[in-house]
Amino acid sequence: MENLENKKIAFQNFYSILKGIHGSLGKWWPGEREEIIVSAVLTQNTNWKNVERALNNIKEVCSGDILICLHNLPDEQLTNLIRPAGFYNIKAKRLRQLLNWLENYEFKLDKIAGKDAFELRKELLEINGIGKETADSIILYAFEKPIFVIDAYTKRLLKRIFGIEFNDYDEYREFFEDNYEKTVELYQEFHGLIVEHAKLYCTSKPKCDICPIDFCLFNRQDKPF
Ligand code: SF4
1 MENLENKKIA FQNFYSILKG IHGSLGKWWP GEREEIIVSA VLTQNTNWKN VERALNNIKE
61 VCSGDILICL HNLPDEQLTN LIRPAGFYNI KAKRLRQLLN WLENYEFKLD KIAGKDAFEL
121 RKELLEINGI GKETADSIIL YAFEKPIFVI DAYTKRLLKR IFGIEFNDYD EYREFFEDNY
181 EKTVELYQEF HGLIVEHAKL YCTSKPKCDI CPIDFCLFNR QDKPF
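Okay, so the sequence shown: first residue is 1 according to the UniProt record's numbering, each after it adds one.
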């Protein structure tokens, strides 16, 4: 019990520790709402450079509302535009389904933004190929509702630094939401800080010798908790 309490106290300082290391990241996810919705699908299983290349292709063709423009494109052209993001056939299908869902709202994003976060999540999860991480990214970064995004980096850092592991996605999400105030700005930046830390230091082969987190359980012999 004491062990868990100690971990929780350390975890409650995690955001400010990461912010001290990486500085303020603000919203972190770049682009307007429409771009965020598209990039949430494109970023699945690829790096951001490839997403940017696909987004640049899209912007060359779509000068107005990119959602309406993409929706009006034939499948083959849509697939070609997003080719740099990898897994382009499957991502084109996912994007198409997401665009069809948006069409139900006549692409009026303010209409969707008026929905409750979990009502919106339920609808997004009914779309083929939209999992919890993608749905929550759209809800947090495009529709600016406080839901915590969990990804593989989040799980890795929690396990290595605090020795904390859960069985499923929502247990991780609830752990963050129970221990931190539910605010959009905090959740947006916190997720960004986690990703930046995992990319810079806590890579699959961790760079513990240069990582500033000195209390990390993974890197300590004396196991502080
Ligand atoms: S000390 Fe090592 S394992 Fe811990 S967060 Fe840093 S890089 Fe990752």
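Cβ atoms here follow ideal geometry from the backbone N, Cα and C, with glycine treated the same way.
Collapsed DSSP secondary structure at residue i in the structure displayed
i, result
"Ile37", "helix"
"Asn3", "helix"
"Gly129", "coil"
"Cys69", "helix"
"Tyr15", "helix"
"Arg96", "helix"
"Cys208", "coil"
"Leu25", "coil"
"Glu103", "helix"
"Pro84", "helix"
"Lys8", "helix"
"Ala137", "Before going further, note that residue 137 is Ser rather than Ala in the sequence given. Helix, per DSSP."
"Lys108", "coil"
"Gly20", "helix"
"Glu123", "helix"
"Arg53", "helix"
"Asn219", "helix"
"Asn89", "helix"
Minimum C-alpha distance to residue i - residue among the options
i, options, result
"Glu144", "Ile150, Tyr187, Ile164", "Tyr187"
"Ile90", "Gly129, Lys115, Phe118", "Gly129"
"Glu119", "Ile147, Arg96, Gln97, Leu99", "Ile147"
"Glu189", "Glu32, Tyr15, Phe166, Asn45", "Tyr15"
"Gln97", "Leu70, Cys69, Ile127, Thr154", "Ile127"
"Asp136", "Asn6, Ser39, Ser63, Gly23", "Ser39"
"Gly131", "Lys155, Arg94, Val61", "Arg94"
"Val51", "Asp209, Tyr88, Leu157, Asp170", "Tyr88"
"Glu34", "Ile138, Ser24, Glu76, Ser204", "Ile138"
Cβ pair residue i, residue j closer than 7 angstroms
i, j, result
"Asn193", "Leu18", "For clarity, residue 193 is Leu in the given sequence; the question names Asn instead. Going by C-beta atoms, Leu193 is nearer than 7 angstroms to Leu18."
"Cys216", "Ile161", "yes"
"Ala54", "Leu73", "no"
"Ile58", "Ala142", "no"
"Glu46", "Ala92", "Per the sequence shown, the amino acid found at residue 46 is Thr instead of Glu. It is not a contact, given that the beta carbons lie outside the stated cut-off."
"His22", "Glu196", "yes"
"Asn219", "Gln12", "no"
"Ala198", "Tyr153", "yes"
Whole runs of the alpha helix (DSSP H) within the stretch 144-196, excluding any shorter than 4 residues: 152-157, 169-179
Sufficient close CB pairs (3 or more, under 8 angstroms) joining the stretch 73-80 to the stretch 100-113: no
Contact between the stretch 91-105 and the stretch 123-143 (3+ Cβ pairs under 8 angstroms): yes
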